[in-house]
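2 protein chains.
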Amino acid sequence: MKSVTKFVKVVTNMGHRKIPESTISRLFVYLREIASLANMNIRTISSGELGERLNLSDAQVRKDLGYFGQFGVSGSGYDTNELKAALEKILGKNKTWNVAVVGVGHLGSALLTYPGFKEHGLNLVAAFDSDARKIGKEISGVTIEAFENMPKAVKNNKVSIGVIAVPAQRAQEVADKFVSAGIKCILNFAPTSLNVPEDVKVKDVDLSRELETLSYFLAGKK
Amino acid sequence: MKSVTKFVKVVTNMGHRKIPESTISRLFVYLREIASLANMNIRTISSGELGERLNLSDAQVRKDLGYFGQFGVSGSGYDTNELKAALEKILGKNKTWNVAVVGVGHLGSALLTYPGFKEHGLNLVAAFDSDARKIGKEISGVTIEAFENMPKAVKNNKVSIGVIAVPAQRAQEVADKFVSAGIKCILNFAPTSLNVPEDVKVKDVDLSRELETLSYFLAGKK
DNA sequence: GTATGTGAACTATTTCACAGCT
DNA sequence: AGCTGTGAAATAGTTCACATAC
Chain S
1 MKSVTKFVKV VTNMGHRKIP ESTISRLFVY LREIASLANM NIRTISSGEL
51 GERLNLSDAQ VRKDLGYFGQ FGVSGSGYDT NELKAALEKI LGKNKTWNVA
101 VVGVGHLGSA LLTYPGFKEH GLNLVAAFDS DARKIGKEIS GVTIEAFENM
151 PKAVKNNKVS IGVIAVPAQR AQEVADKFVS AGIKCILNFA PTSLNVPEDV
201 KVKDVDLSRE LETLSYFLAG KK
Chain Y
1001 MKSVTKFVKV VTNMGHRKIP ESTISRLFVY LREIASLANM NIRTISSGEL
1051 GERLNLSDAQ VRKDLGYFGQ FGVSGSGYDT NELKAALEKI LGKNKTWNVA
1101 VVGVGHLGSA LLTYPGFKEH GLNLVAAFDS DARKIGKEIS GVTIEAFENM
1151 PKAVKNNKVS IGVIAVPAQR AQEVADKFVS AGIKCILNFA PTSLNVPEDV
1201 KVKDVDLSRE LETLSYFLAG KK
């Protein structure tokens, strides 16, 4: 007697195993590479080849993908078009989000002109500063407003992500105002640790720390 | 018979236990906080209080410091001035390094004007681009040169850190040229994984990935 | 033969918990 | 009593290795 087993691809993480944040981050890297391969008309790739291109082990690639389903074919590898579609679905690349920036100094204005925002589905819709001389100026198609207007603007523009680009000593104050305006997701460029409620996600981007660890490494050799 | 034990503070990691990179990164955070406390004339702080300010556990603080020596006093905590001095020594804050940037587009020019470089002992001494229209222009006191001149300039200026701020598809080429010019330390802003010899340290700063993981988080909550 | 998917083993990092110092 | 320093326990993340599929 023959038994027939049907496998179903799982694209959301149904089994709700805990997924490492590093896995999520690598999935974006896989997607980039796979998209480029698909674009070059390469139809199939193995975990080993993909890992080699990205300086990762074959096992790492398979394990990461394994959290979300079974996308490969034994003996041949992964179909690039299928895997691309699956990753896009997993990672929610089709959605867009509105973003507001507080602090239009060096960093803030560099961010406002950074094309990567738009490329990743993030629309800058508002910018705020408390320096009166900056208010009213336009940058990247957005007019800088007074910080006091922020909560109202967040609601009117359905802002999902708040970006903090002010000096460290003012960052907590801005975070508190974001939280009370209903923001659940903060991108923090200030070199300080923010206190927020549990349901608010903070992503810290601390360029100073990166630079510091680099010079620590250099100090170590010789 | 009584035994007398003498303990000596270890400031370098003599015992060469393996130290997590995350520990190093946190030490810089401790230093910032401790410097600010010392500045406010707070003389002493416990691991618990310090952890609370930084959203870290008391055990984490003690374990991190423990890799480098014994800086605390049982029953009272850490002397802020002593700990500040010790951390500065451990982390090699006094040294400065020369930096060269390749790629003076949006990102590169934002970096060139970023004051954090100088604040962390990094001196921008040269900038390169392969766009003929940019060559000869000055930015932040540095004149943009042709990419071909880079290896010579790296040697003449004793450059220790190479910064890559070009599009992904050109990043490996730039990295190779840095490596053959003798650079041992690369700060990579291109969203791609670089292949370099073992003795070269690459620090990736991938803003796109940070943005992407943010939108993944948002996509997850309905 | 080649490559996946996945428990099991291993490694890294964090947290616990407590002896010992002030 | 209060707090450090540190092995031991727990947790997180990566790599191994192999049964299974094509």
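Protein chains in written order, with our numbering: chain S, 1 to 222; chain Y, 1001 to 1222. Yeah, the Cβ is synthetic: ideal placement off N, Cα and C, and Gly gets one too.
- Approximately 7 Å separates the beta-carbon atoms of F128(S) and N149(S); this is inside 8 Å, confirming the contact.
- Cβ neighbours of K1184(Y) within its own chain (closer than 6 Å, five residues either side excluded): V1200.
- Among the residues of the stretch 1046 to 1080 of chain Y, those with a Cβ less than 9 Å away from any Cβ of chain S are R1053, L1054, N1055 and L1056, in the order of the chain.
- I164(S) sits away from N195(S), with the two beta carbons spaced by 8 Å or more.
- If you ignore the 5 residues before and after N123(S), its C-beta comes within less than 8 Å of the C-beta of T96, W97, N98, V99 and F117, all in its own chain and listed in chain order.
- Assignment of beta-bridge partners to K1203(Y) by DSSP yields L1187(Y).
- Three or more beta-carbon pairs drawn from the stretch 79 to 91 of chain S and the stretch 35 to 46 of chain S are found closer than 8 Å, and the two stretches are therefore classed as touching.
- Two segments are said to touch when three or more pairs of C-beta atoms, one from each, lie closer than 8 Å; by this definition the stretch 1065 to 1072 of chain Y does not touch the stretch 68 to 81 of chain S.
- T1113(Y) sits in coil when the DSSP states are folded into three classes, being neither helix nor strand.
- S1025(Y) places its beta carbon less than 8 Å from that of T213(S).
- Within the stretch 1071 to 1110 of chain Y, the complete beta strand (DSSP E) segments of 3 residues or longer fall at 1077 to 1079 and 1097 to 1102, listed in chain order.
- Given a length threshold of 4 residues, each whole run of the alpha helix (DSSP H) inside the stretch 1007 to 1066 of chain Y is given here in chain order: 1021 to 1039, 1047 to 1054 and 1058 to 1066.
- Going by C-alpha positions, T44(S) is about 28 Å away from S1215(Y).
- About 5 Å separates the CB atoms of D206(S) and P191(S); that is less than 8 Å, so the two are in contact.
- Distance from the CA of L1218(Y) to the CA of V102(S), rounded to the nearest whole angstrom, comes to 20 Å.
- For K1095(Y), the neighbours in chain S by C-beta distance under 8 Å run, in chain order, S215, L218 and A219.
- Within the stretch 1197 to 1216 of chain Y, the residues whose Cβ lies closer than 8 Å to some Cβ of chain S are K1201, K1203, V1205, L1207, S1208, R1209, E1210, L1211, E1212, T1213, L1214, S1215 and Y1216, listed in chain order.
- At a cut-off of 8 Å between C-beta atoms, I1024(Y) counts as an interface residue with respect to chain S.
- Contact check for S180(S) against N1055(Y) fails: the beta carbons are separated by 8 Å or more.
- Residue contact with chain Y for I144(S): absent (no Cβ-Cβ distance below 8 Å to any residue of chain Y).
- Interface residue (Cβ-Cβ distance to chain Y less than 8 Å): T113(S) is classified as such.
- Take the alpha-carbon of N1039(Y) and the one of D204(S): they are about 25 Å apart.
- The Cβ atoms of H120(S) and Y1114(Y) do not sit closer than 8 Å to each other.
- Annotation for L1031(Y): K1084, L1087, E1088, L1091 and K1093 place their beta carbon closer than 8 Å to its own, counting only its chain and skipping 5 residues before and after.
- T143(S) is classed as exposed because its beta carbon has fewer than 16 other beta carbons within 10 Å across all chains shown.
- For R53(S) and G220(S), the gap between their C-alpha atoms comes out near 30 Å.
- A straight line joining the alpha-carbon of F1178(Y) with that of I1186(Y) spans about 8 Å.
- The beta carbon of R1062(Y) sits closer than 7 Å to those of S1047, all from its chain and outside the five residues before and after it, given in chain order.
- Distance between A126(S) and G1162(Y), taken at the CA atoms: about 35 Å.
- By the Cβ neighbour-count rule, G1108(Y) is buried, with 16 or more other Cβ atoms within 10 Å of its own.
- In the structure shown, the three-state DSSP call for E145(S) is strand.
- Residue range A1168 to S1180 is occupied by the alpha helix (DSSP H) that includes S1180(Y).
- In the structure shown, F1217(Y) falls within a helical segment according to DSSP collapsed to helix, strand and coil.
- Among the CB atoms of chain S, one or more fall inside 8 Å of the CB of G1121(Y).
- Residue pairing by DSSP leaves I135(S) without any beta bridge partner.
- Residue nearest to S1130(Y) within the set V1104(Y), A1153(Y) and K1155(Y) is V1104(Y) (criterion: CA-CA distance).
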